[in-house]
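Enquirer: Top to bottom, those sequences are chains A and B. FYI, the numbering used here numbers position 79 of the first sequence as 79, with every residue one higher than the one before it. Each position in the second sequence, counted from 1, maps to that position plus 359 in the numbering used here. Glycine included, C-beta positions come from ideal geometry on N, C-alpha and C. Just so it is clear, the structure is predicted and the values come from calculations on it, not from any experiment.
Protein chains: 2
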Amino acid sequence: MGEAPLPREHVLIILNYKLSDSLVEAIRQKFADVECTIFPATLGSKVPSELFRKATILVTYVNLPEPEDAENLKLVHTFSAGLDHLMNNPILKSGLIPFTTSSGIHGPPIAEWTIMNWLVFARNYNVMYEAQKQHKWDKDTPWMQTNYDQVGKKVGILGYGSIGRQIARVSQAMGMTVYAYTASPRPTPESRHDNGFIVPGTGDPEGTIPVSWHHGTDKSSIHEFLSLGLDHLVVSVPLTPQTTHLLGPEEFALLADKSKNPGIKPYLTNISRGKVLDQDALIEALKSGQLGGAALDVTNPEPLPADHPLWDAPNVQISPHVSGSGREYFWRSLQIVRINLDRKAKGLPLINQYGGKGY
Amino acid sequence: MGEAPLPREHVLIILNYKLSDSLVEAIRQKFADVECTIFPATLGSKVPSELFRKATILVTYVNLPEPEDAENLKLVHTFSAGLDHLMNNPILKSGLIPFTTSSGIHGPPIAEWTIMNWLVFARNYNVMYEAQKQHKWDKDTPWMQTNYDQVGKKVGILGYGSIGRQIARVSQAMGMTVYAYTASPRPTPESRHDNGFIVPGTGDPEGTIPVSWHHGTDKSSIHEFLSLGLDHLVVSVPLTPQTTHLLGPEEFALLADKSKNPGIKPYLTNISRGKVLDQDALIEALKSGQLGGAALDVTNPEPLPADHPLWDAPNVQISPHVSGSGREYFWRSLQIVRINLDRKAKGLPLINQYGGKGY
């Protein structure tokens, strides 16, 4: 009267990037205990219905089945940090199947991109790089007067999620002081925990790094935060109607208020979305010297047109929305699937779950 | 029968760099309780004898009095990390007066220079910078395949002094694993402490960051360390006859040994002196791909001639011996003098002392 073994899960992984053979092999090994199909798809290409129909777990960026091909589907995991791009999908909307996100995997790469930009700016890397191209041992640059370091600098992190937490961790190690800002209040130690996926050895799992926590969705709360005399402001809030043009002329003026920090030249880092800033006001604040500099991985619009004045605004460093990109991306995202398979086997709740009833 | 008040100390600060008025004023305030003379001198210029004769405490880089002008001198503090450049000075050689060094102040700037170079290399900053110059939103670069982060990487620090410790601190925050190497054994927790000046909030004061400590001055000990499968090797040993050409073809081959770390492409950071490396072997190791890249703040010779092949060696980033330079330099060095004045007042031993009997 033994029970029949449970049917094995069938994980369908739809990849929009070409991965190395060794990485594909490592992925197969990671999911050796289940059926695993890896399907390479260019963005927008069609995945065969029969592949979808066999899948019990779908791992994808944008490719989702028609509802009639989702009969066996028990879980969808997306390679993106959020689900905004899938909000109109009928399967997500139905709320019947749990979705999990890749939130948490972006902490290390985007934190490294952020720190890199700060250091490049403060230590005049571009000067060093151009001199090397010319084979010039550059002792003309007054390095003693122009370079500075991050020790003692105050960094305010607007949106203290997994990315902000890893920036905080490295900032603290560099001798900086961290101020956290969240939409909702975090009055208790418990409320400050990071409950999502965390790359091991990184982040601020307990939320103990900030010297103070601030919160609110109203202008006056934000303004209070911007008036702390911050040397750095990191913008890592999601784009919502409330955060659109959150920062404009008034906010840049508050950041630059010398009464809180004489000689301040705040440096702005935007790793959120271009529209969170009033970009014309940003260009003005850079030109006027209100802002000392800015690192922007996001702009409005994207791609930024070649004739846009932002490219040549003073002291700005722009990258084409790639701060989170890297070789570790897919592996880390799949690690979340692996963790959830193991948690399911132990009867534990999923991590990074959105919607659905469990699976 | 009251005692006559002790004569006030007279601090003579000889500055070889032009400091801002506000910094000079801050220095005067820092030493408001003693006589304080700030004398601007270009390197090699002569300081008047009468100035030296009045000084009880001399703060200088290279300018020292003739012995007959040092009658009142009780302490010499140098702006440099070591005393190598003063080893033939009769006052130092006499051993009668304590000298203090600026060891410890270089941790933050040189650690930031190091981390900056790692991140610039791993996150392809130069590509981003060149694209911005061309106003190009660069989606042609396969960022997902070419960028990588530092999480899980193993860094070996050859010479675990104040600079190595701050590199370790930031490395750990980035999710890396740190291996320390020192000349002498450090078997006890006490022996691992940093007893010199530490910039507050930085470094590894207790020596708790490394996952393991290694030591020795013989080749086999070094070779064992280089065989740990390190992703990064940081060279921060002083130049001595023993460390001259410490790293050559044999050592680079050990670093690149794939049996310890498949797919390894070790990255070399030299913040010591150019002569610690066999530079021709370094160029070969970069060309052959044994080394994945190198950040060099020091070369042999300095300045590096314009026609030297090192400038164009693959994946090398060179700066003109300025990794420790920055606005904080003199202030931090003078902080050591301030601390020692206060320690003296309390009857405590000086920090960063070399020679002499106390003062």
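Checking the sheet assignment: what are the DSSP bridge partners for A:PHE39?
Expert: Position 39 of the first sequence, counting from 1, holds the residue named residue 39 of chain A. Looking at the DSSP assignment, A:PHE39 forms a beta bridge with A:ILE14.
Enquirer: What is the rounded straight-line gap between the Cα of B:ALA400 and the Cα of A:MET128?
Expert: Taking the second sequence and counting its residues from 1, the one referred to as residue 400 of chain B is at position 41. Taking the first sequence and counting its residues from 1, the one referred to as residue 128 of chain A is at position 128. Going by the C-alpha atoms only, they are around 27 Å apart.
Enquirer: Report the residue ranges of all alpha helix (DSSP H) runs contained in full by the stretch 428-516 of chain B; include only those spanning at least 4 residues, in chain order.
Expert: 449-453, 466-481, 484-492, 502-505
Enquirer: Going by CA-CA distance only, name the one from A:HIS77, A:ASP84, A:PRO90, A:HIS85 that's closest to A:ASP69.
Expert: As a working mapping, residue 69 of chain A is identified with position 69 in the first sequence. Among A:HIS77, A:ASP84, A:PRO90, A:HIS85, the Cα nearest to that of A:ASP69 belongs to A:PRO90.
Enquirer: Considering just the uninterrupted stretch of the beta strand (DSSP E) at B:GLY523, what are its terminal residues?
Expert: Residue 523 of chain B sits at position 164 when you count from the first residue of the second sequence. First-last for B:GLY523: 521-532, but that is the alpha helix (DSSP H), not the beta strand (DSSP E).
Enquirer: For B:GLN638, which of helix, strand or coil comes out of DSSP?
Expert: In the second sequence, the residue the question calls residue 638 of chain B occupies position 279. Residue state, collapsed to three classes: helix.
Enquirer: Measure the alpha-carbon distance for B:ILE623 versus B:GLN509 and round it to whole angstroms.
Expert: To locate residue 623 of chain B, count along the second sequence from 1; it is residue 264. To locate residue 509 of chain B, count along the second sequence from 1; it is residue 150. Whole-angstrom Cα-Cα distance: 13 Å.
Enquirer: Could you pull out every residue in the same chain whose Cβ sits closer than 6 Å to the Cβ of A:VAL155, ignoring the five residues on either side in sequence?
Expert: The residue you call residue 155 of chain A lines up with position 155 of the first sequence. Within the same chain, Cβ atoms closer than 6 Å to the Cβ of A:VAL155 are found at SER171, MET176, VAL178, HIS232, the five residues on either side in sequence being excluded.
Enquirer: Looking at the C-beta of A:GLN242, does it have a partner C-beta in chain B at a distance below 8 Å?
Expert: Taking the first residue of the first sequence as position 1, residue 242 of chain A is located at position 242. Cβ-Cβ to chain B under 8 Å: no for A:GLN242.
Enquirer: Leaving aside the five residues before and after A:ARG192 along the sequence, list all residues of the same chain whose C-beta is less than 6 Å from its C-beta, in chain order.
Expert: Translated into positions along the first sequence, residue 192 of chain A becomes position 192. For A:ARG192, where only same-chain residues beyond five positions count, the Cβ hits under 6 Å are ARG186, GLY207.
Enquirer: What are the boundary residues of the alpha helix (DSSP H) that includes B:VAL696?
Expert: The residue labelled residue 696 of chain B in the question sits at position 337 within the second sequence. 688-704 is the span of the alpha helix (DSSP H), which, as asked, contains B:VAL696.
Enquirer: Among all the DSSP beta bridges, which residues are the ones paired with B:SER571?
Expert: Numbered from its first residue, the second sequence carries residue 571 of chain B at position 212. DSSP output for B:SER571 lists B:TYR538 as bridge partner(s).
Enquirer: Give the straight-line distance between the Cα atoms of A:THR141 and B:TRP502, rounded to the nearest whole angstrom.
Expert: Against the first sequence, residue 141 of chain A aligns to sequence position 141. Against the second sequence, residue 502 of chain B aligns to sequence position 143. Spanning the two alpha carbons is a distance of roughly 32 Å.
Enquirer: Counting contacts by CB-CB distance shorter than 8 Å, is B:VAL406 in contact with chain A?
Expert: In the second sequence, counting from the first residue as 1, residue 406 of chain B sits at position 47. No - not a single Cβ of chain A is within 8 Å of the one on B:VAL406.
Enquirer: Quick check: what's the CA-CA separation for B:PRO662 versus B:VAL681?
Expert: Along the second sequence, one-based indexing puts residue 662 of chain B at 303. Along the second sequence, one-based indexing puts residue 681 of chain B at 322. Their backbone Cα atoms lie some 12 Å apart in a straight line.
Enquirer: If I follow the unbroken alpha helix (DSSP H) through B:VAL383, where does it start and stop?
Expert: Along the second sequence, one-based indexing puts residue 383 of chain B at 24. Looking at the DSSP string, the run of the alpha helix (DSSP H) that includes B:VAL383 is 380-389.
Enquirer: DSSP state of A:ALA285, grouped into three classes?
Expert: Within the first sequence, residue 285 of chain A is the residue found at index 285, counting from 1. Reduced to three states, the DSSP call for A:ALA285 is helix.
Enquirer: Strictly by DSSP, which residues pair up with B:TYR713?
Expert: Taking the second sequence and counting its residues from 1, the one referred to as residue 713 of chain B is at position 354. Note: B:TYR713 sits in a beta bridge opposite B:PHE458.
Enquirer: Helix, strand or coil: which one does DSSP assign to A:GLY324?
Expert: Taking the first sequence and counting its residues from 1, one reaches residue 324 of chain A at position 324. Correct three-state label for A:GLY324: coil.
Enquirer: Bridge partners of A:HIS232, per DSSP?
Expert: Translated into positions along the first sequence, residue 232 of chain A becomes position 232. DSSP, once it has assigned bridges, lists A:VAL155, A:TYR267 as partnering A:HIS232.
Enquirer: What separation, rounded to the nearest whole angstrom, lies between the Cα atoms of B:ILE416 and B:SER543?
Expert: On the second sequence, position 57 is the one that residue 416 of chain B refers to. On the second sequence, position 184 is the one that residue 543 of chain B refers to. C-alpha separation (whole angstroms): 33 Å.
Enquirer: Tell me which residues of the stretch 183-200 of chain A have at least one Cβ-Cβ distance to chain B shorter than 8 Å, keeping chain order.
Expert: VAL199, PRO200
Enquirer: By the 10 Å Cβ neighbour count, where 16 or more other Cβ atoms means buried, how is A:ASN88 classified, buried or exposed?
Expert: In the first sequence, counting from the first residue as 1, residue 88 of chain A sits at position 88. With fewer than 16 Cβ atoms within 10 Å of its Cβ, A:ASN88 is classed as exposed.
Enquirer: Bridge partners of A:VAL59, per DSSP?
Expert: Locating residue 59 of chain A in the first sequence gives position 59, counting from the first residue. BP columns for A:VAL59 point to A:ILE13, A:HIS77.
Enquirer: Please report how far the alpha carbon of B:LEU613 lies from the alpha carbon of B:ILE526, in whole angstroms.
Expert: To locate residue 613 of chain B, count along the second sequence from 1; it is residue 254. To locate residue 526 of chain B, count along the second sequence from 1; it is residue 167. Cα to Cα, B:LEU613 sits roughly 23 Å from B:ILE526.
Enquirer: Strictly by DSSP, which residues pair up with A:ALA253?
Expert: As a first step, residue 253 of chain A must be located in the first sequence, where it is residue number 253. Paired residue(s): none; A:ALA253 is not in a bridge.
Enquirer: Counting only Cβ pairs nearer than 8 Å, list the residues of chain A close to B:ASN506.
Expert: Here residue 506 of chain B corresponds to residue number 147 of the second sequence, with the count starting at 1. PRO109, VAL322, SER325, GLY326, ARG327, listed in chain order.
Enquirer: Which one or two residues does DSSP pair with A:LEU247 in a beta bridge?
Expert: Numbered from 1 along the first sequence, position 247 holds the residue referred to as residue 247 of chain A. According to DSSP, which records beta bridges pairwise, A:LEU247 is partnered with A:LEU277.
Enquirer: Give a yes or no on whether the minimum CB-CB distance between B:MET360 and chain A is below 8 Å.
Expert: In the second sequence, counting from the first residue as 1, residue 360 of chain B sits at position 1. With a pLDDT of only 47 at B:MET360, under the threshold of 50, the placement of this residue in the model should not be trusted; the figure read from the coordinates follows. No, B:MET360 does not count as interfacial toward chain A.
Enquirer: Is the shortest distance between the beta-carbon of A:THR202 and the beta-carbons of chain B less than 8 Å?
Expert: Residue 202 of chain A sits at position 202 when you count from the first residue of the first sequence. For A:THR202, the answer is yes, since a Cβ of chain B falls inside 8 Å of its Cβ.
Enquirer: How is the beta strand (DSSP E) around B:LEU410 delimited, first residue to last?
Expert: As a position in the second sequence, residue 410 of chain B is number 51, starting the count at 1. B:LEU410 -> not in any beta strand (DSSP E); alpha helix (DSSP H) instead, spanning 408-413.
Enquirer: Could you pull the DSSP bridge partners for B:GLN601 from this structure?
Expert: To locate residue 601 of chain B, count along the second sequence from 1; it is residue 242. Answer by DSSP bridge pairing: none, since B:GLN601 is not bridged.
Enquirer: Taking only beta carbons into account, state which residues of the stretch 147-178 of chain A come closer than 9 Å to chain B, listed in chain order.
Expert: ASN147, TYR148, ASP149, GLN150, VAL151, GLY152, GLN166, ARG169, VAL170, SER171, GLN172, ALA173, MET174, GLY175, MET176, THR177
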